[in-house]
Amino acid sequence: MSLISLEDVTVAYDNKINILEKFNLNVEKGKLISLLGPSGCGKTTTLRLIAGFLEAKAGKFTFKDKNYTNIPVYRRNFGFVFQNYALFPHLNVFENVAFGLKQRKVPKSEIRKRVPEMLELVDLNGFEDRFVTELSGGQRQRVAIARALVINPDLLLFDEPLSNLDANLRIAMRVEIRRIQQELGITSIYVSHDQEECFSISDEVAIMNKGVIEQLDSPSVIYKYPKTEFVARFIGFTNFIDFEVESSENGKLLLNSNHSKFRALKTNDVKVNKSYKGVIRPESIKMKSYIENEKQSENSIKGSIKISTFLGGLHQYVVNTELGEITVNSDREPPYDAGENVILSLPEDKLVLVEKG
Amino acid sequence: MNKKYFYLLLLPCFLFLLIFMVIPILVTTLSSFYLDGRITLEGYRSFLTDHYFLNILFRTLRISLLTTTICIILGFPVAYYVSKLNVKLKFIFIAAAVFPLLISPVVRSFSWMAILGREGIFNTLLKKIGIINEPIQFLYTELAIVIGLVHLFLPLMIIALIGVMENIDYDLVKAAQSLGASRFTSFIKIVFPLSVPGLVVGSVLVFVGSLTAYTTPQLLGGSRRVMSTLLYQQSLTLNNWYTASIIATIMIVATFIIIGIMNKIAQKLNPKG
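Going down the list, the protein sequences come from chains R and F. Those letters in the first sequence? Residues 11 to 367, per our numbering, in order. Those letters in the second sequence? Residues 12 to 284, per our numbering, in order.
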């Protein structure tokens with residue numbers, strides 16, 4: 011049984027358009043799961059619904075087998091970390107962290123013990139008397155995390171917690187967040203629009219689009235085997251080729267596109283005689299110069315270089331083929347010239363079929 | 012622009028205030044220490060030992076304090092509500108709050124006389140319902156002055172509070188609730204202390220306004236004088252400019268003391284404010 015379960019939840023702002031409709035999500039205990047998607051996809055709405063800041067129009071939210079749908083925010087015991095930190099500007103660091111404990115009527119002597127412990131966990135010992143306005147962005151977010159953690163929350167919710175920090179600090183902080191989350195084994199839900207951030211810290215990532223989870227898997231599975239065209243595009247696949255499935259045997263697919271035959275591994279549930287998008291990353295395609303009368307290996311196609319762009323360590327080429335334009339990365343020196351004829355080969359384990367979006 | 016001459020921007024306003032405010036105040040204040048060709052505190056001694064004068068001083072302070080308190084109690088919930096509205100509704104509400112300021116205090120006081128008088132709307136209504144047999148004396152009481160002043164100054168309190176409250180990040184309230192604070196507790200612990208700067212500005216405006224208001228207490232207070240009406244009587248009716256300058260000085264000092272106390276309270280409630 012999952013720790014968190016949202017069943018057929020519908021949410022609308024001001025009773026207008028439904029942001030979420032019949033939305034479902036299950037989260038296992040101890041996991042860090044990310045909700046990732048473009049703005050307006052409903053990820054923050056989902057998080058705020060779980061936190062209790064929003065009410066569902068329909069549906070049920072179950073936590074630890076109890077119906078939480080109508081339990082108010084302040085009785086949920088969930089820690090929430092805000093994008094803009096939301097630290098209390100009129101209180102110092104100690105009072106900010108102690109706020110939740112005071113609401114729980116924890117004795118003063120214990121507050122004086124637990125607050126410094128928590129500040130030590132986020133590497134801010136000695137900052138008790140500072141005011142929030144005297145802290146840097148990174149320090150503020152650490153205080154916010156300490157404040158959310160000190161109450162021993164049953165669940166930790168992050169709403170784009172790093173998007174106001176500069177790039178270097180973001181990387182350092184996400185390592186920190188992952189360390190703390192694993193150290194305490196606390197179930198967490200993390201919302202972000204930054205793919206790298208989500209992939210680096212999550213056990214599982216849910217890619218959302220228009221109020222629907224398109225795919226929920228471990229980061230490595232999503233990275234290699236997207237299920238839908240939207241997911242593939244969102245996580246950086248650039249080549250989308252139309253294929254029809256001719257046959258499917260022993261986990262291997264025979265594909266047809268514009269009278270060329272290709273092979274691919276069956277990673278998703280695909281049906282014979284239906285057409286799909288074949289997606290492949292530019293760095294997965296192998297490219298070599300075309301030599302007249304050479305026997306072509308399987309899964310390869312002839313093309314000519316159309317555009318070449320320098321990307322630092324390598325070049326990115328747009329290649330004209332019978333299947334349309336295909337983007338390929340190559341580090342060959344010297345680089346290919348525009349107009350040069352090449353052979354592209356698409357490794358069968360890198361070519362993934364996804365539902366057309 | 013050359014930084015050296017930046018202060019010149021202040022000059023016109025500074026000169027205006029110097030000539031028409033600072034110097035007259037200094038002259039008034041200094042003349043209160045000067046009687047029959049010598050410097051003396053005699054005037055203050057006789058004012059502060061005279062029961063009639065002291066009564067008026069305390070009545071004025073009492074009325075101002077009560078007016079300020081009522082304005083806070085009435086204004087706070089309104090300001091909180093309005094500060095959370097969308098831009099369009101907020102504009103309508105603020106316009107509604109400001110609207111009474113367009114009516115002269117004289118007209119407003121006459122309206123209150125029509126409402127609060129012996130044969131006024133209020134007494135007639137109470138008699139109709141049968142709650143009272145004889146009309147109650149509302150007009151020419153301290154209560155009438157307070158009602159008039161609250162009506163006069165409530166908009167200032169509301170506007171001062173909205174100005175501060177609309178800048179409170181509502182995520183702070185959500186954060187407090189996620190940490191276990193109920194709606195009420197999060198209001199008391201978060202919204203209230205963060206509203207203190209507005210509360211202080213509003214309170215100073217209302218208090219000083221009430222302390223110096225002339226028309227309203229003159230028309231609604233009847234024989235119940237306050238400092239400003241006393242000042243008028245001493246200077247223009249009795250031609251006693253010496254006592255008038257003492258009253259003026261006491262009012263100035265009282266104003267500064269009040270502002271000082273308000274700031275102290277503000278620092279206590281909101282050390283970062």
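Every residue gets a Cβ at the ideal spot worked out from N, C-alpha and C, and that includes glycine. Owing to the predicted nature of the structure, the values given are computational and were not obtained by experimental measurement.
Fully contained in the stretch 215 to 239 of chain F is no beta strand (DSSP E) run of length 3 or more. In this structure, DSSP gives F168 of chain R an extended state, which the three-state scheme calls strand.
Identification of chain F residues near G147 of chain R by a Cβ-Cβ cut-off of 7 Å yields none; the smallest Cβ-Cβ distance measures about 15 Å. Annotated as proximal: P171 of chain R and Q151 of chain R, with beta-carbon spacing under 7 Å.
Counting the other CB atoms within 10 Å of its CB gives C82 of chain F a total of 16 or more, which places it among the buried residues. Counting C-beta pairs with one atom in each stretch, the stretch 155 to 167 of chain F and the stretch 211 to 223 of chain F have three or more that are closer than 8 Å, which means they touch.
Collapsing the DSSP output to three states places L356 of chain R in coil. Counting C-beta atoms within 10 angstroms of its own C-beta, S119 of chain R has fewer than 16 neighbours from the protein chains shown and is therefore classed as exposed. When R:E130, R:G313, R:F104, R:N87 are compared, the shortest CA-CA separation from R122 of chain R is found for R:F104. Scanning the stretch 83 to 117 of chain F for uninterrupted alpha helix (DSSP H) segments of 4 residues or longer gives 98 to 109, listed from N- to C-terminal end. Just so you know, the alpha carbons of L101 of chain R and L137 of chain F end up roughly 50 Å apart. When 8 Å is used as the limit between beta carbons, F109 of chain R is near these residues of chain F: A187, L190, A192, K200, in chain order.
Following the DSSP letters along the chain, one finds Q188 of chain F inside the alpha helix (DSSP H) bounded by residues 181 to 189. When secondary structure is reduced to three states using DSSP, H325 of chain R falls in the strand class. CA-to-CA, the gap between N178 of chain R and D204 of chain R works out to about 14 Å. For S198 of chain R, the secondary structure class from DSSP, reduced to helix, strand or coil, is strand. Burial is judged here by how many other beta carbons sit within 10 angstroms of a residue's own beta carbon; L263 of chain R has at least 16 and is buried. Across the structure, Y235 of chain R and E177 of chain F are spaced so that their CA atoms are roughly 48 Å apart. Cβ-Cβ distances below 7 Å link L57 of chain R to L45, L167, D169, I199, V201 in the same chain, with the five nearest sequence neighbours on each side left out; the list follows chain order.
Q151 of chain R has a beta carbon lying at 7 Å or more from every beta carbon in chain F. By the Cβ-count criterion, K26 of chain R is exposed, with fewer than 16 other Cβ atoms from all chains shown falling within 10 Å of its own Cβ. Contact check for I232 of chain R and L333 of chain R: beta-carbon distance about 25 Å, past the 8 Å limit, so the pair fails to qualify. C-alpha of I261 of chain F to C-alpha of M124 of chain F: approximately 30 Å in a straight line.
For I317 of chain R, there is no enclosing alpha helix (DSSP H); the residue is found in the beta strand (DSSP E) stretching over 310 to 320.
Residues of chain R with a Cβ closer than 9 Å to the Cβ of N97 of chain F do not exist; the shortest Cβ-Cβ separation is about 10 Å.
By the neighbour-count criterion, in which 16 or more other beta carbons inside 10 Å mark a residue as buried, S49 of chain R falls on the exposed side. Interface with chain F (7 Å Cβ-Cβ cutoff): F240 of chain R is excluded. At a cut-off of 7 Å, the C-beta of Y346 of chain R has no neighbouring C-beta in chain F. When the beta-carbon positions are compared, I169 of chain F and A106 of chain F stay at least 7 Å from each other. Y23 of chain R: not part of any alpha helix (DSSP H); DSSP gives it neither H nor E.
Looking from the CA of L165 of chain F, the closest CA among F:I84, F:L127, F:F195 belongs to F:I84. Excluding the 5 residues flanking it on each side, P146 of chain F has same chain C-beta neighbours closer than 6 Å at R129, N134, in chain order.
Under DSSP, the beta-bridge partners assigned to S270 of chain R are R:S267.
Think of a sphere of 9 Å around the beta carbon of T196 of chain F: the chain R residues whose beta carbon falls inside it are Y84, Q113, in chain order. Relative to the Cα of F98 of chain R, the nearest Cα in the group R:L64, R:G89, R:F109, R:A61 belongs to R:F109. Between I211 of chain R and V241 of chain R the beta-carbon gap is near 19 Å, outside 8 Å, which marks them as no contact.
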